[in-house]
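Novice:
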Amino acid sequence: MPAPRRILVLVMILALGLLALKMLAATSGIAALIDPATPAWAASAKPAHDTGKAHKKAEKNGDHKPEADAPEAEAVADAAAPPPPQCSQGGAAEQAGLSEAELNVYMKLAERSKLLDKRESEIATKEGLLEVSQKKLDQRIATLQALKDEIQSLLGQLDEQEEQQMQALTKLYNSMKPKAAAKIFTNLDEAVLLQVASRMKADTLAKVMAAMPPQK
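In my numbering, the protein residues as written are 22 to 237.
1. Where does the unbroken alpha helix (DSSP H) through lysine 228 begin, and where does it stop?
2. So, using beta-carbon positions, are leucine 179 and valine 217 closer together than 9 Å?
3. With a threshold of 16 other CB atoms inside 10 Å of the CB of tyrosine 127, please say whether the residue is buried or exposed.
4. Is the region 198-208 in contact with the region 224-237, if contact means three or more CB pairs nearer than 8 Å?
5. Could you tell me the distance, in whole angstroms, from the CA atom of proline 199 to the CA atom of alanine 212?
6. On the premise that lysine 222 lies in contact with asparagine 195, defined as a C-beta separation below 8 Å, what is that separation, rounded to the nearest angstrom?
7. CA-CA distance, valine 32 and methionine 44?
8. Can you tell me whether serine 198 is helix, strand or coil according to DSSP?
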């Protein structure tokens with residue numbers, strides 16, 4: 022086959038191929054893929070339209086549950102969210118302008134300060150309890166002291182009464198005859214006899230003792 026005729030045949034084949042491609046583009050939308058000037062919104066318009074139809078169909082069938090889908094979407098978003106950044110000890114030291122060793126020292130001092138504050142609070146509480154106990158003890162001591170003073174006062178009154186009685190007996194025995202007084206002395210308790218005798222006049226006591234039996 023001569024060369025000019027071969028070229029003509031190739032041109033005709035190419036022309037037929039281009040015509041077939043244009044016809045396919047017009048019928049099946051291949052033109053949108055071949056033509057680069059096709060806008061992006063034209064390609065995304067159909068899925069949006071389909072989504073609207075699917076949404077309406079779901080509402081019609083009663084399957085669409087927006088209230089239930091929203092929490093699930095939020096839960097998925099929360100699960101997919103990255104965890105908050107954590108600052109390491111070295112990073113905190115750098116931000117504070119300190120070395121890691123200095124930061125450790127400050128942290129230990131802070132812990133020690135907390136422990137001391139706790140101890141101080143406990144000591145203050147114990148001191149308060151001791152102060153209350155001391156006040157109660159002082160009140161009891163004061164009550165006992167008042168009771169002691171009252172008893173001593175009563176004893177003093179008894180001593181005065183006893184002294185008055187002894188003086189009255191002594192006066193009575195001094196005025197009695199020696200024989201009569203000696204008869205009474207014979208039956209007196211020894212302690213009472215000694216107290217009365219120590220208060221009597223010496224000459225009167227001598228006469229009474231002379232009148233008493235020898236065994237007394």
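Heads up, the beta-carbon is just placed ideally off N, CA and C, and yes, glycines get one too.
Keep in mind that this is a model prediction, so the values were computed, not measured.
Specialist: Taking the coordinates as given:
1. Position 207 of the sequence shown holds residue 228. Taken as a continuous stretch (DSSP letters only), the alpha helix (DSSP H) holding lysine 228 covers 223-232.
2. Residue 179 sits at position 158 when you count from the first residue of the sequence shown. Residue 217 sits at position 196 when you count from the first residue of the sequence shown. No, these two residues do not count as a Cβ contact at 9 Å.
3. Position 106 of the sequence shown, counted from the first residue, corresponds to residue 127. Burial call: exposed.
4. yes
5. Counting from 1 along the sequence shown, the entry for residue 199 is found at position 178. Counting from 1 along the sequence shown, the entry for residue 212 is found at position 191. Their backbone Cα atoms lie some 20 Å apart in a straight line.
6. The residue you call residue 195 lines up with position 174 of the sequence shown. The residue you call residue 222 lines up with position 201 of the sequence shown. Confirmed, Cβ separation roughly 6 Å.
7. Stepping through the sequence shown from its first residue, residue 32 is reached at position 11. Stepping through the sequence shown from its first residue, residue 44 is reached at position 23. Distance between the alpha carbons of valine 32 and methionine 44: 18 Å.
8. Within the sequence shown, residue 198 is the residue found at index 177, counting from 1. A small correction: the amino acid at residue 198 is lysine; serine does not occupy that position in the sequence shown. Coil.
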